[in-house]
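Q:
Protein chains: 4
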Amino acid sequence: MDLAKYQVETLGECSIESPLKLPVSSGAGMAGYVSDSVRIHARIECQEDSSESPVTLEKAGPRAKIYFRPGYTRAAIVTCGGLSPGLNNVIRSIFMQTYHRYGVKTVLGIRNGYSGFNPKSKHKPMLLTPDIVDRIHTMPGTILGTSRGAEDPKIITDTLEREGINILFTLGGDGTLKGLHSIWQEIKRRGLKIAVVGVPKTIDNDINFVYKTFGFDTAVEEAKRALDCAHAEARSHPNGIGLVKVMGRDSGFIVGYAALASRDVNFALIPEIPFELKGKNGLFHHLEKRLKARNHALIVVAEGAGQHLMGNALAEKDPSGNPRYLDVGEFLKSKIQEHFSGKGIQTNLKYIDPSYTIRSVLPNANDSIYCDNLSRYAVHAAMAGKTDLVIGQWHNVFTHVPIELATAQRKTIQPESTLWLSVLEATGQPAGMHHRPT
Amino acid sequence: MDLAKYQVETLGECSIESPLKLPVSSGAGMAGYVSDSVRIHARIECQEDSSESPVTLEKAGPRAKIYFRPGYTRAAIVTCGGLSPGLNNVIRSIFMQTYHRYGVKTVLGIRNGYSGFNPKSKHKPMLLTPDIVDRIHTMPGTILGTSRGAEDPKIITDTLEREGINILFTLGGDGTLKGLHSIWQEIKRRGLKIAVVGVPKTIDNDINFVYKTFGFDTAVEEAKRALDCAHAEARSHPNGIGLVKVMGRDSGFIVGYAALASRDVNFALIPEIPFELKGKNGLFHHLEKRLKARNHALIVVAEGAGQHLMGNALAEKDPSGNPRYLDVGEFLKSKIQEHFSGKGIQTNLKYIDPSYTIRSVLPNANDSIYCDNLSRYAVHAAMAGKTDLVIGQWHNVFTHVPIELATAQRKTIQPESTLWLSVLEATGQPAGMHHRPT
Amino acid sequence: MDLAKYQVETLGECSIESPLKLPVSSGAGMAGYVSDSVRIHARIECQEDSSESPVTLEKAGPRAKIYFRPGYTRAAIVTCGGLSPGLNNVIRSIFMQTYHRYGVKTVLGIRNGYSGFNPKSKHKPMLLTPDIVDRIHTMPGTILGTSRGAEDPKIITDTLEREGINILFTLGGDGTLKGLHSIWQEIKRRGLKIAVVGVPKTIDNDINFVYKTFGFDTAVEEAKRALDCAHAEARSHPNGIGLVKVMGRDSGFIVGYAALASRDVNFALIPEIPFELKGKNGLFHHLEKRLKARNHALIVVAEGAGQHLMGNALAEKDPSGNPRYLDVGEFLKSKIQEHFSGKGIQTNLKYIDPSYTIRSVLPNANDSIYCDNLSRYAVHAAMAGKTDLVIGQWHNVFTHVPIELATAQRKTIQPESTLWLSVLEATGQPAGMHHRPT
Amino acid sequence: MDLAKYQVETLGECSIESPLKLPVSSGAGMAGYVSDSVRIHARIECQEDSSESPVTLEKAGPRAKIYFRPGYTRAAIVTCGGLSPGLNNVIRSIFMQTYHRYGVKTVLGIRNGYSGFNPKSKHKPMLLTPDIVDRIHTMPGTILGTSRGAEDPKIITDTLEREGINILFTLGGDGTLKGLHSIWQEIKRRGLKIAVVGVPKTIDNDINFVYKTFGFDTAVEEAKRALDCAHAEARSHPNGIGLVKVMGRDSGFIVGYAALASRDVNFALIPEIPFELKGKNGLFHHLEKRLKARNHALIVVAEGAGQHLMGNALAEKDPSGNPRYLDVGEFLKSKIQEHFSGKGIQTNLKYIDPSYTIRSVLPNANDSIYCDNLSRYAVHAAMAGKTDLVIGQWHNVFTHVPIELATAQRKTIQPESTLWLSVLEATGQPAGMHHRPT
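Chains as they are written, first to last, in the working numbering: chain V, 350 to 787; chain L, 350 to 787; chain Y, 350 to 787; chain C, 350 to 787.
1. To the nearest angstrom, how far is the alpha carbon of L:Glu362 from that of L:Tyr416?
2. Helix or strand or just coil, what does DSSP make of C:Gly524?
3. If we count the other Cβ atoms within 10 Å of its Cβ and call it buried at 16 or more, is L:Ser724 buried or exposed?
4. In whole angstroms, what is the alpha-carbon distance linking L:Ala607 and L:Val545?
5. Throw me the rounded Cβ distance for the Y:Gly322 and L:Thr767 pair, which I believe falls under 8 Å.
6. Nearest to C:Lys735 by CA position, among C:His749, C:Met596, C:Lys503, is which residue?
7. Taking all protein chains shown into account, decide if Y:His486 is buried (16 or more other Cβ within 10 angstroms of its Cβ) or exposed.
8. Nearest-angstrom Cα distance between V:Ile346 and V:Lys542?
9. Taking 8 Å as the threshold (beta carbon to beta carbon), is L:Thr487 in contact with chain C?
10. Is DSSP giving L:Met659 helix, strand or coil here?
11. Are any of the Cβ atoms in chain L nearer than 8 Å to that of V:Lys682?
12. Is the Cβ of C:Ile389 closer than 8 Å to any Cβ of chain V?
13. For V:Asp599, which option in V:Ile752, V:Val614, V:Asn671 has the closest C-alpha, if you only look at C-alpha atoms?
14. For a cutoff of 8 Å on Cβ pairs, would you count Y:Glu500 as touching chain L?
15. Name, in chain order, the residues that DSSP records as bridge partners for C:Gln396.
16. Buried or exposed for Y:Leu476, please, with buried defined as at least 16 other CB atoms from any protein chain shown within 10 angstroms of its CB.
17. Please tell me whether V:Arg484 has its Cβ less than 8 Å away from any Cβ of chain Y.
18. Taking C-beta to C-beta, are C:Val559 and C:Ala755 nearer than 8 Å?
19. Just to make sure I have the definition right: I need the residues of chain Y whose C-beta is within less than 8 Å of the C-beta of L:Thr776. Which are they?
20. What residue range does the alpha helix (DSSP H) around C:Gly458 cover?
21. Could you check whether the Cβ of Y:Lys735 sits closer than 8 Å to any Cβ belonging to chain L?
22. So is V:Thr525 in contact with chain L if we call contact Cβ pairs under 8 Å?
23. Which of helix, strand or coil does DSSP assign to C:Lys550?
24. Taking C-beta pairs closer than 7 Å, name the residues in chain C that Y:Gly494 reaches, listed in chain order.
25. Is Y:Pro779 close to chain L, meaning its C-beta is less than 8 Å from at least one C-beta of that chain?
26. Taking C-beta pairs closer than 7 Å, name the residues in chain L that V:Asp667 reaches, listed in chain order.
27. Who pairs with V:Leu476 in a beta bridge, going by DSSP?
28. Based on Cα-Cα distance, which residue from Y:Asp566, Y:Arg450, Y:Gly660 lies nearest to Y:Arg708?
29. Compare the Cα-Cα distances from Y:Gln534 to each of Y:Ile752, Y:Gly522, Y:Asp385 and report the closest residue.
30. Taking just the CA atoms, how far does V:Ala575 sit from C:Leu371?
31. For the region 416-464 of chain V, list the alpha helix (DSSP H) runs that are entirely contained and at least 4 residues long, ordered along the chain.
32. Could you have a look at L:Ala617 and say whether DSSP puts it in helix, strand or coil?
33. By Cβ distance below 7 Å, which residues in the same chain neighbour L:Glu366 in space, the five residues on each side in sequence not counted?
34. L:Gln778 by DSSP, collapsed to three states: which one?
35. Where do the N-terminal and C-terminal ends of the alpha helix (DSSP H) with C:Ile505 fall, by residue?
36. I'd like to know whether the C-beta atoms of Y:His645 and C:Ser496 end up nearer to each other than 8 Å.
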């Protein structure tokens, strides 16, 4: 992937002094502004003798000169797609930073996702105030409402123009960000000066060049709770099998991290690594071995795993344009029961689908902090006229990721990654559960 | 129900001094023994002018004279049926009280429910020791294993005889207790001196004359977590509907208490109170009104509710002899979606089934204490030669409930109870959602 | 204690039909009204041959006829003393019941305890609305504010008159309730028709004839957390001693219940049972034995325990008129360290004082339900013109307890109670750690 | 700081094939070995035009050739200093990786810190087994025991020799690691082939070139709980002031992160940034302003902050050689009360010291994963004969940090860091609360 071809867009030259009153030189006893020329190595490993030229990402942070004059600026926030722990934290922190620190007094909340831009929508944008956002970080979900599905970029841009909005903050995942890029293209086509900045939100943690999406840590914590329950069930029954399905359409990050956190998982099944049920190297074979050795087993599967086993052509689409997945949890449950009862082996399978409970809780401390940081950097970027980007974190540094780069491909677990090696070592499962080439 | 006809069985006269060394008279600065003649009013309400004769239950507690000579006594514990938070606490407290306080040095753990009494069983009884039980109260599930289903009382009694067991503690619900009563009848038929004492365990809280089963409070706490999640989902989507299914085959106690704890439920559906979907007083009608008024709604349904709506003849049985229920959660989900989409109303229904997660967690503080008390009283009863009973709690006092009384009928939510009135007031739902008589 | 002499006060005859529309006869499929003549046995144990006449408490619940005409009634709520988990739940449920169920449209919130009745107070009463109370059950603390200390009953009654308040709900403990009784006497002296009803709030759970105060369960849960931490510290250090101080001025209920829930406590020290440090039966002696046997020990002490050891004359008073206690936690910490280091025994004492953290959290599910019930019954009582009472729960039934009865003495742990016996059995500590009479 | 001068020590050439059976070339579908020549940029920011030569750290990971022959290798683990969430996870993961993956069958647990090496110690080393470590990740604390204080490196090395130990894993912080370096020097002096590898453990998160110590995230989560409680207290009382003291001797990381997570803190006081109480820019002045504006305030202070205000010469030392700190929590409590009561302003200050409760809990999911990774990398390093190093994480990559580098200075919050800027923006407190130069 050629990073060099992805550049951060800006609306134009920044000529306005930032109202943040940060020091302009070091030695002032507190952090100062970040220059556009500071960049982050995308790849921080190096061979001592390597001479490859480094690829870099633009560093996020407050700029000394900004593009928008605060007193004349109007901002808007929209939340799209499914819930993630911390949505209200992000709404609140974007508001606080924009309103109190930069002095932008008009921040609108668009209702129910992109559909809230449609004049036909039942719910009009709401004007956010300090009172409204005061305690929302103690409420799960999003006070703005959310929805899946696209809206015509022209209609959205019409509304942005009509409402005089200069900055649009969008919280969403892959589909939402692609939509935001289309909006940006429409804005550019019309020659408007509107900055659009994304905050990466997807419980699947699958956004390219974004180390971690907000709420992901919390979702792992909750998924681990379900694993602990399934483990207790499995250990308490003869030939007990705990089976847990968690979110993860194309990426198995929740499965992988929850398996690592639990330490009790024996089989972690993810979309990235196909597996077979039958045969000498299939799941059934290894599961039977495990039951013989220890009398119980724990399996965790991502919702997008094993679709090939169900003959899913993935042709049907949901309103966001994502393929509809078949239910791999119920499928595995019945296939495993069928298999063992066919062999005269009595098992006790307990199936748990925590479903939405991993994403509709309050964020843990780590995610709360992360939400706040992402929000703050989104505001810094937007005020400096940067646009068509999403705030990322890479090697613990906050960065500006061009939306096209962030959506160029989904981030997935690489079989050759140390993450996956950790999962293999923690579970003891074989590196691949498919027919070996003869 | 004529309580007077149910009497606590005893093995015979108690002639052995209790080793507990409690004071025999009051004023000694600590609690003493309880006399068999102390009884508890089953009904504590009275009209001032009423002259009805009170019915009473035998009070639990340590007796000054006991039946079994500790040094010559062998006890066993068996856990049956599904998990409940606190099983290991009960195992531990029964062991500690029997071993340390009464000096009974042989306490066996029967493996995997009643099936563990069968000599063909793979797992032999284990000898419990202080080391084994030391930290088990920090582990969910049961270290003994559990299973559903009956075992021939003759086979069980054979094993009790062969192992020289004098006392059998059984943790289980309605079916398990009925089984225990059959075992007792076989013991009596053979003229054996074996005490059988039940500790009431069912997550549904449906045991007659037992105010609350252990683990129930914790299950409500966990069910409320799922309701909180469903509520966050519902509030965050236009016309969002949260639908949560929780355990409760014949009794809606988890639904009722979780609805009261959450304060956000609009419709609580329980097996005791039939409801209709359609018509002027059906669920759909009231749900639509709610959505129009507030744009979101939260429904909680017990697994045993609404079976009549699905044409469930309840003919099929599971291994414990309980009728197999159809999945009311999936049924309601599809019927609600169908109904509203048929009327051209777009809704966002999020369905959550916390399933086993409400019962395979550690007990909360309240349940931990309750587990310990039940266990202690079970040991007092058994050592005094009392048998064919289950330990209950009634009006905050621990009692001896004859098994026949405890299993004479299932405890259910009475529509005329103040509990149900509280639920109606908390949810605002109509007292009945069925066709009114014309 | 002669219960018969305590009667529930009423403002007068109830002539108004209740707006609750409950059935007036049984068989209607839902709960109906409660007659004033239904009473609760205060003592539910009986000897079969006893002929003592039973003492009873009035049962709480909705009355068919009420005293106040809802459309013309104004109510007020005040929260006094320290926090308890669930204060906002009670405020919300009282409001919901009064406003929605009875149709009383004016419910005032008095600010910052009794001091908010003083016209000189900075904060005026606030008018509560459905919007204000909507989500307050998700916020710990009290939205009304609270404070310790009395206010002149005359000033309070002046304000009640001036504001046209007909019903005053007061959330508080012993001191607050005594204050409420004084207010009632002033009201009566003036011949006013104002009902005053208390909701029992004290984290110490020390109100007479009230089985449990709201928030107590949650406080025990939190106290157990601190015990778990102290236990981990103690077990992880050679001769580790965990020492935890929890609330409990005159009553050791939090100590007792938390010790039962933890199962790891070795010494539970409460105000009701004096103990010595030195001598053959003192704490040091038993602690040394425990350390020798197991290398670690866990102690929990109530703040009001052991005051005699510190030579506390308890002469100084705080603003609520309670004696100021010396810090028994720091005292024990230094005395234990001093003792063992004096004997050349190296110990690792870790002292934890969870202080306010046990009372400023959200209520658990059980307490949430309890808060709601207490509130609902408080409203029923007040609307029926009952006054000078506090809502209690006794043997699981809600009752009307005359304030004079509730404050006649503090509820404490009786050394002869089964509760204390449970603690002794769970901890293994001696029944008394003081010099035995020679 | 000149990183180049710090090199990872190795025992010698690695000539043994690793038993891990990882692929030796990429494209094998799973992660392979890491070459010693792969290094990590220590500084990943770059100016586009910069030509400074990069400094790097050695990357951690499994090596294809290892130094120790597993069948002949004996390892030992020791835990030193205070508790951190996850100690038992680390012990378990080191054991699992060493025993199961590398096939080292002897892993000893040294008891109670470095003192356990002393032959006079009461507790002999224990042989770890799969059964012993099976469930220890569900227990807080350390099963090995821990203690503060040094032990003569000669005595420790004698024991290492006598027990035939080839690898020593040490879990500890700054003092412990310095001790480990001394042990290494003694080992080297004697020409022994013993690898010593540290796992960074300190709740203060103050180890140089280690991004985060294990357990830190969990400690922040717990500290935030105390802040939430203090905030509820403060908001519920007129002029309520919540004051919380948390750990942090030389570094304010817990304060900083907990303040960011809570969003409710108004003043975060850390050791790195001195502050004054009085004067126009002192804490009292700003606190009074805050109370006037909002009627409540929340302060969090690190235990090591404000020592200068108490005239602490820091001359006294504890057994680990750290200076004894005075109690800044009690100091601030009394000074604030004194100040405001001196000005006739009534305040309600609630002081909470969560003390050990933030470190003696189980690790959260994130920390569990982190513990496992650190452990695994420690084993890889040791088996490859690397020594005198601590496992670090830097920019999300695991690294080998020479102990001298890790202990060259304490990691602290830099006033000019973006972390501190975030805290300033979240709290709204002034950048410095000291007398401004005139």
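C-beta: ideal position from N, C-alpha, C; glycine also.
A: Here's the rundown:
1. The residue labelled residue 362 of chain L in the question sits at position 13 within the second sequence. The residue labelled residue 416 of chain L in the question sits at position 67 within the second sequence. When rounded, the distance between both Cα atoms is 7 Å.
2. Locating residue 524 of chain C in the fourth sequence gives position 175, counting from the first residue. Residue state, collapsed to three classes: helix.
3. Taking the first residue of the second sequence as position 1, residue 724 of chain L is located at position 375. Its Cβ being crowded by 16 or more others within 10 Å, L:Ser724 is buried.
4. The count along the second sequence starts at 1 and reaches residue 607 of chain L at position 258. The count along the second sequence starts at 1 and reaches residue 545 of chain L at position 196. The straight-line gap from Cα to Cα measures roughly 34 Å.
5. Because chain Y in this structure spans residues 350 to 787, residue 322 of chain Y falls outside the shown range and cannot be described.
6. The residue you call residue 735 of chain C lines up with position 386 of the fourth sequence. For the residues C:His749, C:Met596, C:Lys503, the minimum Cα distance to C:Lys735 belongs to C:His749.
7. The residue you call residue 486 of chain Y lines up with position 137 of the third sequence. Around the beta carbon of Y:His486, 16 or more other beta carbons lie within 10 angstroms, which makes this residue buried.
8. Chain V is shown from 350 up to 787; residue 346 of chain V falls before or after that span and cannot be answered.
9. Taking the first residue of the second sequence as 1, we reach residue 487 of chain L at position 138. So yes, L:Thr487 belongs to the interface.
10. Position 310 of the second sequence, counting from 1, holds the residue named residue 659 of chain L. Here DSSP, grouped into helix, strand and coil, assigns L:Met659 to helix.
11. Locating residue 682 of chain V in the first sequence gives position 333, counting from the first residue. Output row for V:Lys682: interface = no.
12. Position 40 of the fourth sequence, counted from the first residue, corresponds to residue 389 of chain C. Yes, C:Ile389 lies at the interface with chain V (some Cβ there is under 8 Å from its Cβ).
13. Here residue 599 of chain V is taken as the residue at index 250 of the first sequence, counted from 1. Among V:Ile752, V:Val614, V:Asn671, the Cα nearest to that of V:Asp599 is on V:Asn671.
14. Taking the third sequence and counting its residues from 1, the one referred to as residue 500 of chain Y is at position 151. Taking Cβ atoms only, chain L never reaches closer than 8 Å to Y:Glu500, which makes this a no.
15. Within the fourth sequence, the letter at position 47 stands for residue 396 of chain C. DSSP lists V:Val387 as the bridge partner or partners of C:Gln396.
16. On the third sequence, position 127 is the one that residue 476 of chain Y refers to. With fewer than 16 other Cβ atoms within 10 Å, it is exposed.
17. For this step, residue 484 of chain V is matched to residue 135 along the first sequence. Yes, because at least one Cβ of chain Y sits closer than 8 Å to the Cβ of V:Arg484.
18. The count along the fourth sequence starts at 1 and reaches residue 559 of chain C at position 210. The count along the fourth sequence starts at 1 and reaches residue 755 of chain C at position 406. Cβ atoms of C:Val559 and C:Ala755: closer than 8 Å.
19. The residue you call residue 776 of chain L lines up with position 427 of the second sequence. Per Cβ cutoff of 8 Å: no residues; L:Thr776 is ~12 Å from chain Y at best.
20. Your numbering for residue 458 of chain C matches position 109 in the fourth sequence. If you look at C:Gly458, you'll find it isn't in any alpha helix (DSSP H); it sits in the beta strand (DSSP E) that goes 455-458.
21. As a first step, residue 735 of chain Y is located in the third sequence; it is residue number 386 there, counting from the start. Taking Cβ atoms only, chain L never reaches closer than 8 Å to Y:Lys735, which makes this a no.
22. One-based indexing of the first sequence puts residue 525 of chain V at position 176. Nearest CB-CB separation between V:Thr525 and chain L: not below the 8 Å threshold.
23. Here residue 550 of chain C refers to the residue found at position 201 when the fourth sequence is read from its first residue. Coil at C:Lys550, not helix or strand.
24. As a first step, residue 494 of chain Y is located in the third sequence; it is residue number 145 there, counting from the start. Going along chain C in sequence order, the residues near Y:Gly494 (Cβ under 7 Å) are Ser585, His586, Pro587.
25. For this step, residue 779 of chain Y is matched to residue 430 along the third sequence. Taking a beta-carbon distance threshold of 8 Å, Y:Pro779 does not count as an interface residue toward chain L.
26. Counting from 1 along the first sequence, the entry for residue 667 of chain V is found at position 318. Within chain L, no residue comes near V:Asp667; the closest Cβ sits about 12 Å away, beyond 7 Å.
27. The sequence position of residue 476 of chain V within the first sequence is 127, counting from 1. BP columns for V:Leu476 point to V:Leu457.
28. As a first step, residue 708 of chain Y must be located in the third sequence, where it is residue number 359. Here the closest residue by C-alpha is Y:Asp566.
29. Along the third sequence, read from residue 1 onward, the residue named residue 534 of chain Y stands at position 185. Ranked by how close their Cα comes to the Cα of Y:Gln534, the residues Y:Ile752, Y:Gly522, Y:Asp385 have Y:Ile752 in first place.
30. Residue mapping note: residue 371 of chain C aligns to position 22 of the fourth sequence, counting from 1. Residue mapping note: residue 575 of chain V aligns to position 226 of the first sequence, counting from 1. Rounded to the nearest angstrom, the gap between the Cα atoms of C:Leu371 and V:Ala575 is 32 Å.
31. Runs of the alpha helix (DSSP H) inside the region 416-464 of chain V: 436-445.
32. As a first step, residue 617 of chain L must be located in the second sequence, where it is residue number 268. Shown here, L:Ala617 sits in a strand according to DSSP, grouped into three states.
33. Locating residue 366 of chain L in the second sequence gives position 17, where the first residue counts as 1. Here L:Glu366 has Lys414 as same chain residues with Cβ atoms under 7 Å from its own Cβ, once five neighbours each way along the sequence are excluded.
34. The count along the second sequence starts at 1 and reaches residue 778 of chain L at position 429. If DSSP states are grouped into helix, strand and coil, L:Gln778 belongs with coil.
35. Here residue 505 of chain C is taken as the residue at index 156 of the fourth sequence, counted from 1. Taken as a continuous stretch (DSSP letters only), the alpha helix (DSSP H) holding C:Ile505 covers 502-511.
36. Within the third sequence, numbered from 1, the residue matching residue 645 of chain Y stands at position 296. Within the fourth sequence, numbered from 1, the residue matching residue 496 of chain C stands at position 147. Going by C-beta atoms, Y:His645 is not nearer than 8 Å to C:Ser496.
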